[in-house]
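Number of protein chains: 2
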Amino acid sequence: MNLRVLALCSLLGPPNVVLAAEPPPAKTRAAGEIIAAAPDRDWRTPEPANLLYMELAAGRVIIELAPQFAPEHVANIRALARGGFWNGTSIYRAQDNFVVQFGDADADTPAKAKSLGAARTHLPAEFHRSTQGLPFDALPDRDGWAPEAGFSGGFPAARDPAANRVWLAHCYGAVGAGRNNAEDSSTGAELYVVIGQSPRQLDDNLTVVGRVLQGMELLSAARRGPPPMGIYDNPADRTPIRSIRLASDVPEAERSALQVLRTDTASFRDATEARRNRIDDFYKRSAGHIDLCNVPVPVRSPPAR
Amino acid sequence: MNLRVLALCSLLGPPNVVLAAEPPPAKTRAAGEIIAAAPDRDWRTPEPANLLYMELAAGRVIIELAPQFAPEHVANIRALARGGFWNGTSIYRAQDNFVVQFGDADADTPAKAKSLGAARTHLPAEFHRSTQGLPFDALPDRDGWAPEAGFSGGFPAARDPAANRVWLAHCYGAVGAGRNNAEDSSTGAELYVVIGQSPRQLDDNLTVVGRVLQGMELLSAARRGPPPMGIYDNPADRTPIRSIRLASDVPEAERSALQVLRTDTASFRDATEARRNRIDDFYKRSAGHIDLCNVPVPVRSPPAR
């Protein structure tokens, strides 16, 4: 009854990869092998000023910010983190197959709402930006939501060259700024994280500020709140946030060493191609296709020197 | 700071819908209004012999089986349920952004594995079936994974008319039969449920047996197990399953009253169109598109008579 161990191989490929001295060409290697063999130059270390550390009782969640897409929001988020805005706040919403949301659970109640401190209370919408000067590696795969889908600086994104627009995509793990009906009503204080099927209908409708690099499982397994929006009725159901700090404000000894595979490398392209056309013993039929939000962007601990 | 309540409207539309005496035409109504106004004939009551009730300490999960797609697996699952196979088993795997899996955690250990009782220990693969005689309502939207994507009998599915193949799609909530490398190595005893971004690379590679109609939030919030596959190291982390029964074997007084919106109705088509082109105050830009796995299939309690 050996049904279980091999059933449904990890999306990240086999856990233990034995590499030959001479790796075979990419087309005969699985994604996991290609990633394991990627040279060190294909991995980048995110800037500490672009990393948020969210400390929960269960562990640390690490978010990479994308100032190239949302400079005003990222500047405000840095100011909020430096002012300790999120310390003692909570994850106050978990809507199944949609998002968790965190920040000040009393933000709606003027008498109780927390001050944003030195941060700004009004920002412009940053739903999209100009394509000018922004690297973008388009996937060859068809995407129903946008003329082009691909990666920019490590983030899943979509692009409409004719409209001179590019925006971050609402894939699993995307972090966005909650807002009211007015498009310029987000400040970055109330943030949501996608925990289900990618809600790409939100693309270019909200300001996406980054994505979760580590600790998604601490957010995605939050007990769901009641319909329709998953906001907990009972404050005891909230997940307390001990603090959110910029990695650059954390003593070096307490930082998490972390590297992200560059999305503009042959290693990433080859790994994606290997996922499009799987050649392992488990798959009986290759899709010959991959959707933007099905492409994982690998994260690792840097190898020991 | 009224950022929170209206931020990120529910995928299911506004919670409280006030209908005019004469509903406006579909194109100016939101999906939630269209669904609320659907006539009773647009709702179906699933066959009790096609419903599995999984009883957890936290509540009941209801799965609708799809015998029209996987007749042999569904017959075996019925035999397993009638034999009490799952009573006292567990959810023993939770892999983030992928699946939870349940059944006999000792299935791999011949000395400890539970007998399947009167159920069969070998079944043919039922990855796809012939398109003949099967209703299929294709979405007009482009799909990268298959020539056609749409709905059949209430289930998200994909079709390749040239190959005479149709299969159930691995959308959020899909329930499939775990297998080993051999394509005919699933029995239906070990079942997985999709809890993340739709892993459609699995389509036509495993036998999908149905989908979760109610209680997804009891599965999707399971504490994640360790990488790579999320199988818990510690048996104490498993979620015990009290029982899994067919609704048809449950006394009527203990059954859950439940109806599903028919996917071959104008109500469903109009609601889907309203999601493609949203007209509410929150959305600033309509996608003009929807992906198969972003289309919810509404479930309700039958109205009081």
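Quick mapping for you: the protein sequence lines, in order, are chains A and B. Going by my numbering, the first sequence opens with residue 1, and the numbers climb by one from there. Going by my numbering, the second sequence opens with residue 1001, and the numbers climb by one from there. Just so you know, even glycine gets a beta-carbon here, dropped at the ideal spot from N, CA and C. What you are looking at is a predicted structure, and each value in this text was computed from that prediction instead of being measured.
Thinking C-alpha only, which one of the options is nearest residue i?
| i | options | result |
| --- | --- | --- |
| residue 1068(B) | 1258(B), 1284(B) and 1132(B) | 1132(B) |
| residue 346(A) | 242(A), 100(A) and 287(A) | Given that chain A is displayed from residue 1 to residue 305, the structure contains no residue 346(A) and the question cannot be resolved. |
| residue 128(A) | 110(A), 135(A), 118(A) and 169(A) | 169(A) |
| residue 1117(B) | 1087(B), 1191(B) and 1126(B) | 1087(B) |
| residue 115(A) | 71(A), 48(A) and 187(A) | 187(A) |
| residue 208(A) | 71(A), 42(A) and 62(A) | 71(A) |
| residue 955(B) | 1153(B), 1250(B), 1101(B) and 1248(B) | Limits of chain B in this structure are 1001 at one end and 1305 at the other, which puts residue 955(B) out of reach. |
| residue 1314(B) | 1271(B), 1185(B) and 1298(B) | What is shown of chain B runs 1001 to 1305, which leaves residue 1314(B) out entirely. |
| residue 303(A) | 31(A), 34(A), 55(A) and 43(A) | 43(A) |
Would you say residue i faces chain A, with C-beta separation under 8 Å as the test?
| i | result |
| --- | --- |
| residue 1199(B) | yes |
| residue 1021(B) | Note that residue 1021(B) scores a pLDDT of 47, beneath 50, so its modelled location is shaky and nothing firm can be said. |
| residue 1145(B) | yes |
| residue 1220(B) | yes |
| residue 1097(B) | yes |
| residue 967(B) | There is simply no residue 967(B) to check, as chain B begins at 1001 and stops at 1305 in what is shown. |
| residue 1085(B) | no |
| residue 1073(B) | no |
| residue 1291(B) | yes |
| residue 1120(B) | no |
| residue 1223(B) | yes |
| residue 1232(B) | no |
| residue 1287(B) | yes |
| residue 1164(B) | no |
| residue 1044(B) | no |
| residue 1278(B) | yes |
| residue 1060(B) | no |
| residue 1275(B) | yes |
Which two residues bound the contiguous beta strand (DSSP E) that contains residue i?
| i | result |
| --- | --- |
| residue 64(A) | 59-65 |
| residue 1079(B) | Careful: residue 1079(B) lies outside any beta strand (DSSP E), inside the alpha helix (DSSP H) at 1071-1082. |
| residue 1217(B) | Not the beta strand (DSSP E): residue 1217(B) falls in the alpha helix (DSSP H), residues 1216-1220. |
| residue 188(A) | Run containing residue 188(A): none; DSSP gives neither H nor E here. |
| residue 1151(B) | 1148-1152 |
| residue 178(A) | Counting along the chain, residue 178(A) falls outside any beta strand (DSSP E), and DSSP gives it neither H nor E. |
| residue 1158(B) | 1155-1160 |
| residue 1093(B) | 1090-1095 |
| residue 1167(B) | 1165-1168 |
| residue 1068(B) | No beta strand (DSSP E) contains residue 1068(B), which DSSP labels as neither H nor E. |
| residue 172(A) | Premise fails: residue 172(A) is in no beta strand (DSSP E) and is neither H nor E. |
| residue 1102(B) | 1099-1103 |
| residue 1242(B) | No beta strand (DSSP E) holds residue 1242(B); DSSP gives it neither H nor E. |
Could you give the residue range of the alpha helix (DSSP H) that holds residue i?
| i | result |
| --- | --- |
| residue 1032(B) | 1031-1036 |
| residue 1272(B) | 1266-1276 |
| residue 139(A) | It is not in any alpha helix (DSSP H) - residue 139(A) carries neither H nor E in the DSSP assignment. |
Are any of the Cβ atoms in chain B nearer than 8 Å to that of residue i?
| i | result |
| --- | --- |
| residue 183(A) | yes |
| residue 268(A) | no |
| residue 54(A) | no |
| residue 204(A) | yes |
| residue 141(A) | yes |
| residue 217(A) | yes |
| residue 374(A) | Given a span of 1 to 305 for chain A in the structure shown, any question on residue 374(A) remains unanswerable. |
| residue 196(A) | yes |
| residue 294(A) | yes |
| residue 245(A) | no |
Taking residue i and residue j to be in contact with their CB atoms under 8 Å, please state how far apart those CB atoms are, rounded to whole angstroms.
| i | j | result |
| --- | --- | --- |
| residue 213(A) | residue 78(A) | Actually they do not touch by this definition, with Cβ atoms about 17 Å apart. |
| residue 1284(B) | residue 183(A) | 5 Å |
| residue 1235(B) | residue 1098(B) | Not confirmed; about 21 Å, so no contact. |
| residue 76(A) | residue 65(A) | About 11 Å; that fails the 8 Å criterion. |
| residue 1301(B) | residue 1258(B) | 7 Å |
| residue 1282(B) | residue 277(A) | Going by Cβ atoms, the distance from residue 1282(B) to residue 277(A) rounds to 39 Å, so no, they are not a contact pair. |
| residue 173(A) | residue 62(A) | The pair is not a contact, with the Cβ atoms about 11 Å apart (cut-off 8 Å). |
| residue 137(A) | residue 154(A) | No, residue 137(A) and residue 154(A) are not in contact; Cβ-Cβ is about 10 Å, not under 8 Å. |
| residue 1130(B) | residue 1238(B) | Not confirmed; about 39 Å, so no contact. |
**Prompt:** Three or more C-beta pairs closer than 8 Å, one from the region 219-235 of chain A and one from the region 86-104 of chain A: is that the case here?
**Reply:** Touching, per the Cβ criterion.
**Message:** Can you confirm whether the region 191-204 of chain A touches the region 164-172 of chain A when touching is taken to mean that 3 or more C-beta pairs between the two stretches lie within less than 8 Å?
**Reply:** Put simply, the region 164-172 of chain A touches the region 191-204 of chain A. At least three CB pairs are less than 8 Å apart.
**Request:** Indicate whether the contact test is met: 3 or more Cβ pairs, each with one atom in the region 289-302 of chain A and one in the region 139-158 of chain A, closer than 8 Å.
**Result:** Segments in contact, yes.
**Asked** Taking three-plus beta-carbon pairs below 8 Å as touching, is the region 255-262 of chain A in contact with the region 25-43 of chain A?
**Response** A contact exists between the region 255-262 of chain A and the region 25-43 of chain A.
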